[in-house]
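S.K.: Structure provided below as structure tokens; questions to follow.
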Amino acid sequence: MTYEAEISRRSPGLFIFLLDQSRSMSRKITGSGHSKAMEACDAINKQLNELINRCTKSEGIRPYFDIGVIGYGYRSGEARGLISEKPISITELENHILRMEKRTEVIDGEAIEIEFPIWFEPVASFDTPMKGAFKIAKEWVQSWVGEHASSFPPVIINISDGGSTDGDPNELAEEIKNIETDDGKVLIWNCHLSEKNERPISFPKIELELPEDKHARTLFEMSSEVPDPMVAIAKEEFSNVENGCKAYVFNANLEELIKLLDIGTRVVYNRVE
Amino acid sequence: MEICSWNFPKVGNGPTESEDAFHYNTEANRFAICDGASDSIFSGQWASVLSENFVVKSPNLTDSEELKSFLDESREIWLNKVPWKALKWNVKNKAVRGAYSTFLGIQLNDNSSMDCFAVGDCCLFLNRGDSFESFPLKEPKEFGVHPGLIWSGYGNPLQNKEYDAKVKILTTNFDLSGVSDIIIATDAMSKFIMEQGISVLPEIKKNYESQSYFDELRSNGQMKNDDVSGVLISF
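Chains H and W supply the protein sequences, listed in that same order.
Count along the first sequence from 1, add 2, and you get the number used in the numbering used here.
Count along the second sequence from 1, add 850, and you get the number used in the numbering used here.
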């Protein structure tokens, strides 16, 4: 069986988040009064916080995950690690906090103030060098898999609102998806953000389910098939999920973005010892 | 009465990281074992408080008022054990949601009968010579991922929020005539005992102090890699 390796301190998992920082990310995302850049940035910061929460024990944070975040488009044609130059252990994430915010969380009807860490700020600047971002992701994944041959395979979650401006990333994505640990091949999840008030298409099985949109087809092709052990978890949020579907949401509004991120990470941390 | 006990962390964890806890009080003939849920924090402490408070305070858990007092007192002890003001931001953010634990308590009545109280999947086994009788679960397939749990209530800063545990305790009574051994154990150990049957008892009696024995069982897949603990009472 694949995608069933237990995640432990000796055998951690790896998440890599890819974040589009191109100019078009400054437009508002459907379902929110904020820009796509702001909501995507906030969603990843929340996921990192949630991952820390999962790994937190009374004595501190246990190193169940390595984490990397790559931003692309902050400068023309450039992609780079946002938190660090390469993936770091979740135990080191707190050393890279940019600032802490006070946020209000409602628990059982009671509003309490919590400290919320911010690792990076929203950026919406230039073009969309997605290929450059996947190139960095490939290097990170190759290096990590070399040291964690029996671990749960790395999961890459890419958040973008458009097409790559530095070439077709599909071939690179195929190469990445063929990198494997003993437990399975690397997974690529894609979240295609929308500024239009149209129905999202989540976890499609075949290309025919997509509208005429070349970027959608590219991201669909780049996305991994959702492994069978993860389908049940994805079904909790998306009832249409079937075996053989792709880890892709087209025209994602804020709600879909959060759900996709949540599922993408939950399927993995369900394997924590 | 001879009592043997063991508590070992899951393979890969440190010696202080087991979230199982048990206590017994031979004067009161009370024994309890609890398994702190690893999804919550300070759950090992919560498991320890519940088991200790049961054997020390001897509440009658079939009485709703005594059950409420038992939970209120346990919650108060747990709250006082956690160093709320010294917690880091991430620990604080998680600890406010409280801790969870399964619970199994037994009261021996002059060695002739026994009252049992259970929440979740800690089990007891009675050796009746040719087979084990178990409670509250009967078969290995009943062990799932979401056992019943007792909640500590919220931590700081919601510690004063009204606490309604809504605990559903399963109770039963056993006649102990003909019973030579009683085992109470947390879930991984209990499932293993159910799968192996009565023939495993001599092996447990021989190896209960040996962490390597349990490590091997968990490493070769005979037992789930989880904290493993139990108390064996032999008459």
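For each residue, glycine too, the CB sits at the ideal point set by N, CA and C.
Taking Cβ positions only, does M224 of chain H come closer than 8 Å to chain W?
M.R.: M224 of chain H does not count as touching chain W.
S.K.: On a CA-only basis, which of W:D1025, W:G862, W:S951, W:R1068 is nearest E869 of chain W? Give me that one, please.
M.R.: Of W:D1025, W:G862, W:S951, W:R1068, the residue nearest in Cα terms is W:S951.
S.K.: Between which two residues does the beta strand (DSSP E) containing Y1063 of chain W stretch?
M.R.: Here Y1063 of chain W belongs to no beta strand (DSSP E); instead the alpha helix (DSSP H) covers 1061 to 1069.
S.K.: Looking only at C-alpha atoms, which of H:A254, H:P213, H:I265 sits nearest to E238 of chain H?
M.R.: Of H:A254, H:P213, H:I265, the residue nearest in Cα terms is H:I265.
S.K.: Please check if any C-beta of chain H sits within less than 8 Å of the C-beta of W928 of chain W.
M.R.: Output row for W928 of chain W: interface = no.
S.K.: Output the boundary residues of the alpha helix (DSSP H) element that contains P119 of chain H.
M.R.: Not the alpha helix (DSSP H): P119 of chain H falls in the beta strand (DSSP E), residues 112 to 120.
S.K.: For F872 of chain W, count neighbouring Cβ atoms within 10 angstroms of its own Cβ and tell me buried if that reaches 16, exposed if not.
M.R.: With 16 or more other Cβ atoms within 10 Å, it is buried.
S.K.: Confirm, please, whether the CB-CB distance from T130 of chain H to G165 of chain H is below 8 Å.
M.R.: Yes, they are a contact pair.
S.K.: Taking 8 Å as the CB-CB cut-off, is E112 of chain H touching chain B?
M.R.: The displayed structure is made up of protein chains H and W, and chain B is not among them.
S.K.: Please confirm whether S10 of chain H has its beta-carbon closer than 8 Å to some beta-carbon of chain W.
M.R.: Yes, contact with chain W.
S.K.: For F19 of chain H, I'd like the list of residues in its chain whose CB is within less than 6 Å of its CB, leaving aside the five on either flank, ordered along the chain.
M.R.: The answer, listed in chain order, is I46, V71, I159.
S.K.: From W:Q1046, W:D1025, W:F967, pick the residue whose C-alpha is nearest to that of L999 of chain W; which is it?
M.R.: Checked all of W:Q1046, W:D1025, W:F967; the closest Cα to L999 of chain W is W:F967.
S.K.: With respect to the beta strand (DSSP E) encompassing Q957 of chain W, which residues constitute its N-terminal and C-terminal limits?
M.R.: It spans 953 to 959 - the beta strand (DSSP E) in which Q957 of chain W sits, taken as one unbroken run.
S.K.: Round the Cβ separation of S849 of chain W and V1081 of chain W to the nearest angstrom and send it over; I've been treating them as touching at under 8 Å.
M.R.: Limits of chain W in this structure are 851 at one end and 1085 at the other, which puts residue 849 of chain W out of reach.
S.K.: Against chain H, with Cβ distances strictly below 8 Å, would P859 of chain W count as a contact?
M.R.: No - not a single Cβ of chain H is within 8 Å of the one on P859 of chain W.
S.K.: Here's the rule: buried if 16 or more other CB atoms are within 10 angstroms of the residue's CB, otherwise exposed. What is G35 of chain H?
M.R.: Exposed, because fewer than 16 other Cβ atoms sit within 10 Å of the Cβ of G35 of chain H.
S.K.: Using C-beta distances below 6 Å, list every residue in its chain close to A135 of chain H, excluding the 5 sequence neighbours before and after it, in chain order.
M.R.: L20, I72, Y74, A81, listed in sequence order.
S.K.: Could you check whether the Cβ of E117 of chain H sits closer than 8 Å to any Cβ belonging to chain W?
M.R.: Cβ-Cβ to chain W under 8 Å: yes for E117 of chain H.
S.K.: If you pair each beta-carbon of the stretch 948 to 963 of chain W with each one of the stretch 1017 to 1028 of chain W, do three or more pairs fall below 8 Å?
M.R.: The stretch 948 to 963 of chain W is in contact with the stretch 1017 to 1028 of chain W.
S.K.: Which same chain residues end up closer than 7 Å to S963 of chain W when comparing Cβ atoms and leaving out the 5 residues on each side of it in sequence?
M.R.: Only N1023, F1024, D1025, L1026 meet the Cβ criterion.
S.K.: Starting from the C-beta of K179 of chain H, find all residues in its chain whose C-beta is less than 7 Å away, skip the five residues before and the five after it, and write them out in chain order.
M.R.: Only K187, V188, I190, S226 meet the Cβ criterion.
S.K.: Pick helix, strand or coil for G1080 of chain W, following the three-state DSSP scheme.
M.R.: The answer is strand: DSSP assigns G1080 of chain W an E or B state.
S.K.: So the alpha helix (DSSP H) G148 of chain H belongs to, where does it begin and stop?
M.R.: Per DSSP, G148 of chain H belongs to the alpha helix (DSSP H) from 132 to 149.
S.K.: Thinking C-beta only, is D22 of chain H closer than 8 Å to S241 of chain H?
M.R.: No, these two residues do not count as a Cβ contact at 8 Å.
S.K.: Short check: CB of M102 of chain H to CB of P119 of chain H, under 8 Å?
M.R.: Closer than 8 Å, so yes.
S.K.: Could you check how far apart the C-beta atoms of F831 of chain W and I1034 of chain W are, in whole angstroms? I think they sit under 8 Å.
M.R.: With chain W covering 851 to 1085 only, the question about residue 831 of chain W has no answer from this structure.
S.K.: Which partner residues of R880 of chain W appear in the DSSP bridge assignment?
M.R.: Paired residue(s): W:N875, W:Q957.
S.K.: Leaving out five residues before and five after S91 of chain H in sequence, what residues of the same chain have Cβ atoms less than 7 Å from its Cβ?
M.R.: Here the set comprises P65, D68.
S.K.: Where do the ends of the beta strand (DSSP E) carrying R219 of chain H lie?
M.R.: Segment 216 to 224 is the alpha helix (DSSP H) holding R219 of chain H; no beta strand (DSSP E) there.
S.K.: With DSSP collapsed to three states, give me the class of L1008 of chain W.
M.R.: Looking at L1008 of chain W - three-state DSSP - the assignment turns out to be coil, as it is neither helix nor strand.
S.K.: Among the residues of its own chain, which have a CB less than 6 Å from the CB of I109 of chain H, if the five just before and after it don't count?
M.R.: Correct list: empty, nothing qualifies.
S.K.: Quick one: give me the first and last residue of the alpha helix (DSSP H) that W934 of chain W is part of.
M.R.: Counting along the chain, W934 of chain W falls outside any alpha helix (DSSP H), and DSSP gives it neither H nor E.
S.K.: Does the CB of M102 of chain H have a neighbour CB from chain W at under 8 Å?
M.R.: Yes, its Cβ sits closer than 8 Å to a Cβ of chain W.
S.K.: Using a beta-carbon distance cut-off of less than 8 Å, what residues from the stretch 939 to 953 of chain W approach chain H?
M.R.: Answer in chain order: W939, N940, V941, K942, N943, K944, A945, V946, R947.
S.K.: So the alpha helix (DSSP H) E1053 of chain W belongs to, where does it begin and stop?
M.R.: Run containing E1053 of chain W: 1051 to 1057, per the alpha helix (DSSP H) assignment.
S.K.: Could one say the Cβ of I109 of chain H lies closer than 8 Å to chain W's Cβ atoms, at least one of them?
M.R.: Yes, I109 of chain H counts as interfacial toward chain W.
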